[in-house]
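Chains as they are written, first to last, in my numbering: chain B, 32 to 217; chain Y, 32 to 217. By construction, the Cβ of each residue, glycine as well, lies at the ideal position given by its N, Cα and C atoms. See below for the structure under consideration.
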DNA sequence: GCTATTATTTATCATAGGATAATTTTGCTG
DNA sequence: CAGCAAAATTATCCTATGATAAATAATAGC
């Protein structure tokens, strides 16, 4: 996925603003299993996924909670670091070798203060993330584990090919054993 | 809570921008039980709570799911309407007689395109809402029903005084019967 | 390709929370 | 302040999911 496509799908901005934004973005690549963002660290960068898939998880003694998967085109950020410059909850781990676009938050904040189009682009970025997480909260309170699994599979069928089931189980809020039961019943 | 306090707690903007924003805000009052926002309607306004308490719920056949409470100083909006101009998931119902600040989304969008300070204020509004909902997703996957109840009580002790338990149970993702059990065990 | 490690499945048993219904308490409204 | 309706509690029984352990399958490193 190109950086232009990623920027455009968030919010359309004039070419000049897009150029300014892109001047602050560089490409990086990391191997599978790399930990890109660390909880308990104030992260200086945000990323967009050119190629690959990642998971965000809240590390806990004995059990990590996977609470997000990101695929091509999606934004990776530690919300706490990005918004409040505080340590976040989450580690982000690459589940495949990944190519990423990297953007320094400090540069982005400068742009927010200089360019109204970029400020509105940043607003849309947050608003769209908010919509995603909101629909997830509602479906998690509305649906049984089996229904959540079915919904995930129909919304993101590639996940099951690309992501170990134990992480999907954690994302669904159940144990791998229970997920196995659910899958068998189908 | 004054409108100045509410605006400032989201993000500090120059007086001239604040004046422009406030010119588009009016005060309204509605009685307890009034339905302020309706699911399946594209809402034209957002609100800030001057006085009172409200709940947002996703109406379902047989069981409504309460997924948010708003108190003084908080923002009431249908995220779907606000971001995408589409019908939302939620009704918002007043749980007390309320005094509200009302702001037309169409006017706000004009300001976003004219005033970079207001654009960044709107960005912060979304980002802060995102942080709130994110911390809730994580705690809901991390904690048992009893722990979530305890956490809610210590974060928002006034809720239990102001909100019927059946709504708190729904918010916690359990039945009123089960909440009653949890409270008894203490 | 072989072996060690890790993931997944299967089985058994335990438990938190759901469903239902009856009872008590609270809170409106005339 | 009486009487009704709604909310909350309590009790009983039930079910989905958890915990644990063992067996199998998949994966990765040599």
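Spatial distance of residue i from residue j (CA atoms)
i: residue 86 of chain B; j: residue 50 of chain B; result: 30 Å
i: residue 183 of chain B; j: residue 65 of chain Y; result: 36 Å
i: residue 58 of chain B; j: residue 159 of chain B; result: 23 Å
i: residue 130 of chain Y; j: residue 56 of chain Y; result: 13 Å
i: residue 80 of chain Y; j: residue 37 of chain Y; result: 9 Å
i: residue 109 of chain Y; j: residue 125 of chain Y; result: 15 Å
i: residue 72 of chain B; j: residue 118 of chain B; result: 5 Å
i: residue 162 of chain B; j: residue 141 of chain Y; result: 22 Å
i: residue 91 of chain B; j: residue 116 of chain B; result: 22 Å
i: residue 33 of chain B; j: residue 42 of chain B; result: 15 Å
i: residue 146 of chain B; j: residue 60 of chain B; result: 29 Å
i: residue 190 of chain Y; j: residue 214 of chain Y; result: 15 Å
i: residue 102 of chain Y; j: residue 197 of chain B; result: 39 Å
i: residue 207 of chain B; j: residue 212 of chain Y; result: 29 Å
i: residue 137 of chain B; j: residue 188 of chain B; result: 36 Å
i: residue 76 of chain Y; j: residue 195 of chain Y; result: 27 Å
i: residue 181 of chain Y; j: residue 181 of chain B; result: 32 Å
Supposed contact pair residue j and residue i - C-beta distance, whole angstroms, cut 8 Å
i: residue 132 of chain B; j: residue 78 of chain B; result: 6 Å
i: residue 127 of chain B; j: residue 193 of chain B; result: 7 Å
i: residue 172 of chain Y; j: residue 204 of chain B; result: 5 Å
i: residue 88 of chain B; j: residue 122 of chain B; result: 6 Å
i: residue 154 of chain Y; j: residue 157 of chain B; result: 6 Å
Reference residue i, options the options, closest by Cα
i: residue 105 of chain B; options: B:215, B:165, B:151, B:39; result: B:39
i: residue 69 of chain B; options: B:194, B:103, B:179, B:107; result: B:107
i: residue 84 of chain Y; options: Y:209, Y:75, Y:67; result: Y:67
i: residue 63 of chain B; options: B:144, B:82, B:157; result: B:82
i: residue 120 of chain B; options: Y:168, Y:134, Y:97, Y:76; result: Y:168
i: residue 144 of chain Y; options: B:143, B:139, B:151, B:144; result: B:151
i: residue 134 of chain Y; options: Y:74, Y:202, Y:178, Y:95; result: Y:74
i: residue 47 of chain B; options: B:139, B:137, B:148; result: B:148
i: residue 170 of chain B; options: B:186, B:155, B:156; result: B:186
i: residue 95 of chain Y; options: B:200, B:180, B:174, B:154; result: B:174
i: residue 216 of chain Y; options: Y:111, Y:199, Y:177; result: Y:177
Sequence-distant residues of the same chain with beta carbon closer than 7 Å to residue i, five excluded per side
i: residue 53 of chain B; result: 34
i: residue 98 of chain B; result: 87, 88, 89, 202
beta-carbon residue i near the ligand PLP non-hydrogen atom, thresh 7 Å
i: residue 148 of chain B; result: The ligand PLP is not among the ligands present in this structure, which contains no ligands whatsoever.
Residues near residue i in its chain [Cβ-Cβ closer than 8 Å; skip 5 each side]
i: residue 45 of chain B; result: 148
i: residue 209 of chain Y; result: 176, 200
i: residue 111 of chain B; result: 117, 118, 119, 120
Proximal residues to residue i (C-beta, below 6 Å), its chain only, five neighbours per side dropped
i: residue 139 of chain B; result: none
>> Threshold first: 4 residues or longer. Then list the alpha helix (DSSP H) segments lying entirely within the segment 53–120 of chain Y, N to C.
In response: 110–115
> Which runs of the beta strand (DSSP E) spanning at least 3 residues fall entirely within the segment 125–149 of chain Y, listed in chain order?
Replying inline: 129–135
>> In chain order, what are the residue ranges of uninterrupted alpha helix (DSSP H) at least 4 long that sit wholly in the segment 152–207 of chain B?
In response: 176–186, 190–193, 196–203
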